[in-house]
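UniProt numbering puts the sequence shown at residues 1 to 189. Glycine included, every Cβ here is placed at the ideal spot set by N, Cα and C. A quick write-up on the structure given underneath.
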Amino acid sequence: MRKISKILVPTFVLGLILGGFGLAANASTVTVQPNDTFWGIAQEHDVTVDELKEWNSELDPTAIPVGTEVVISKGESSDNRVVTHVVQPGNTLSEIAQVYDGVTLDRLYDLNEGIDPLTLAIGSEVIVVHESNSTTGHDVVYHTVQPGNTFYEIASVYDGVSVDEIITANPNVDPYFLQVGSEITIPLK
């Protein structure tokens, strides 16, 4: 099993880098090209970097994979947000679920009615997140800690979430020593 994961995980990550995932909402998007940055995209489309960060909170603005769809304007107001993953060669539903924080295989089946895990078509889109903006304040997502993550950095990824709220939601986590791979509870508003 370890040999399989040593082969599949790098292949899957490479798939993400070469064309990974897209966003769909009632918004305009642009596809990231080699050497694109949030600053360059913001300048080209007359928006601010802060707006790009807000509209693309699941992306790391310092490392945007080529092929990623970046929201460049919100367009009309929408109560829903949909995040999709573009299927790459060798992708499985299990691997896709593992890449997105808080997404389970069961959730993928719920969001993608009738999906056949044995016949995922390369280039097809799998819905990985479907959120309503009318949350009750009791909803949470889980963030998997990556190397170099801090509570400040994690809070900046999730719109409207403060470091203090993350600390309160994770009383047994030392904010000065985050374990890579551990899950941090992120309270949504």
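Asked, Found
"Residue environment, residue 69, which counts as buried when at least 16 other CB atoms sit within 10 Å", "buried"
"Where residue 152 sits in the DSSP three-state scheme", "helix"
"Extent of the continuous beta strand (DSSP E) to which residue 30 belongs", "28-31"
"Rounded separation between residue 95 and residue 42 - CA only", "32 Å"
"According to DSSP, residues forming a beta bridge with residue 127", "84"
"Which listed residue (108, 50, 63, 46) has its alpha carbon closest to that of residue 35", "63"
"Nearest-angstrom Cβ-Cβ length linking residue 30 and residue 84, presumed shorter than 8 Å", "Contact flag wrong, Cβ pair sits at about 16 Å."
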